[in-house]
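The structure appears below as structure tokens.
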Amino acid sequence: MSESKTKLVIVGLGETAELATEYFNYDSSYQVCAYAAEEEYIEKKLQEKTLLGCPVVPVEKIEELFSPTEYVVFVAMAYGRLNHDRARMYKNLKAMGYKFASYVSSRAFVARETSIGENCFILENNVIQRNVRIGNNVILWSGNHIGHRTVIEDNVFLSSHVAVSGFCHIGEYSFLGINSCLGDNVTVARNNFIGGGVVLMRDTKENELYRMPVLKPERLSSKMVFGFSEK
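For the sequence shown, this note's numbering gives the first residue as 480, with consecutive numbering after it.
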């Protein structure tokens, strides 16, 4: 490992953890040295206590093996139980005294006068306009637009290609699915699930769920409409 890089332990063993490894190792000042997860989960997930060539340790013993004075951590968990699982792990590690890495892609646009919290994961092709405030433990997957003066509270997950207009407010623990859209000045309340393709032009209430209707194929076939037949 390069001596100039900060030593990082990723907490999580799933696909998000493996993706985070790629981004941190090759597009940041951090180097992944180890992984951690709850001991019971490790026993179910892995036969050998390694992942991508690095050791895997129980999070219950992480302080003994990877001291908070020498290592920083990143909680690489998705939106299980509407982000509450990731938030719980984040808070537990914070209580242990750990500092957290955030990743912001070198191919994201982040305007000046913007604040981004700790344990955030902001992937490529995100556009974050001026005076946006992003809290702690927030994930912005690829290709989102975050309009000016929008506030994203802690423990939020935005999937890919979400369009958030200016002056919006996204409440804690909320999830916005792929290709969802918020109009200007819309407030998404706490614990909201906004499904893929949903367009919101008004404020929501706490604990609400919005999903697009399930689309069914029409009675006409595509071959009939476009006039072709397979040979």
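The beta-carbon is built from N, C-alpha and C at its ideal position, and this holds for glycine as well.
What are the boundary residues of the beta strand (DSSP E) that includes Ser509?
Taking the sequence shown and counting its residues from 1, the one referred to as residue 509 is at position 30. Correcting the residue type first, residue 509 is Tyr in the shown sequence and not Ser. Taken as a continuous stretch (DSSP letters only), the beta strand (DSSP E) holding Tyr509 covers 509-516.
Option in Leu492, Ala496, Ala513 with minimal Cα separation from Glu519:
Position 40 of the sequence shown, counted from the first residue, corresponds to residue 519. Closest option to Glu519, Cα to Cα, is Leu492.
Spatial neighbours of Leu699 within its chain, please: CB distance less than 8 Å, with the 5 preceding and 5 following residues excluded, ordered by chain position.
For the purposes of this step, residue 699 is identified with residue 220 of the sequence shown, where counting begins at 1. Closer than 8 Å at Cβ, skipping near neighbours: no residue.
Can you say whether Asn600 is buried or exposed, counting buried as having 16 or more other CB atoms within 10 angstroms of its CB?
Translated into the one-based positions of the sequence shown, residue 600 becomes position 121. According to the sequence shown, residue 600 is Phe rather than Asn. The residue is buried, with at least 16 neighbouring Cβ atoms inside 10 Å.
What did DSSP end up calling Thr495 once you bin it into helix, strand or coil?
Position 16 of the sequence shown, counted from the start, is the residue given in the question as residue 495. In this structure, Thr495 counts as helix in the three-state DSSP scheme.
Selected residue, minimal CA-CA separation from Ala515, among Gly662, Glu542, Tyr509:
As a position in the sequence shown, residue 515 is number 36, starting the count at 1. Of Gly662, Glu542, Tyr509, the residue nearest in Cα terms is Glu542.
Any alpha helix (DSSP H) of 4 or more consecutive residues that is wholly inside the region 613-695
none
In the DSSP assignment, what are the bridge partners of Ile607?
For the purposes of this step, residue 607 is taken as the residue at position 128 of the sequence shown. Ile607 is bridged to Val589, Ile625.
With a 10 Å radius around its C-beta and 16 neighbouring C-beta atoms as the bar for buried, classify Arg609 as buried or exposed.
Translated into the one-based positions of the sequence shown, residue 609 becomes position 130. It is exposed - the Cβ of Arg609 has fewer than 16 other Cβ atoms within 10 Å.
Going by beta carbon distance, what residues of the same chain come within less than 6 Å of Gly676, once the five residues before and after it are set aside?
Along the sequence shown, read from residue 1 onward, the residue named residue 676 stands at position 197. Same-chain partners within the cutoff: Asn658, Met691.
Return the CA-CA distance between Val635 and Ser508, expressed in angstroms with no decimal places.
Reading the sequence shown from its first residue, position 156 is the one you call residue 635. Reading the sequence shown from its first residue, position 29 is the one you call residue 508. So the two alpha carbons sit approximately 24 Å from each other.
For Val488 and Cys512, believed in contact at Cβ under 8 Å, the rounded distance
The sequence position of residue 512 within the sequence shown is 33, counting from 1. The sequence position of residue 488 within the sequence shown is 9, counting from 1. Yes, Cys512 and Val488 are in contact; Cβ-Cβ is about 6 Å, under 8 Å.
Tell me where the beta strand (DSSP E) around Lys486 begins and ends.
By 1-based counting over the sequence shown, the position of residue 486 is 7. Counting along the chain, the beta strand (DSSP E) containing Lys486 begins and ends at 485-490.
So does the region 614-621 actually touch the region 554-573, counting three or more Cβ pairs closer than 8 Å?
yes
Is the distance from the Cβ of Gly596 to the Cβ of Asp633 below 9 Å?
Locating residue 596 in the sequence shown gives position 117, where the first residue counts as 1. Locating residue 633 in the sequence shown gives position 154, where the first residue counts as 1. Yes, the Cβ-Cβ distance between Gly596 and Asp633 is below 9 Å.
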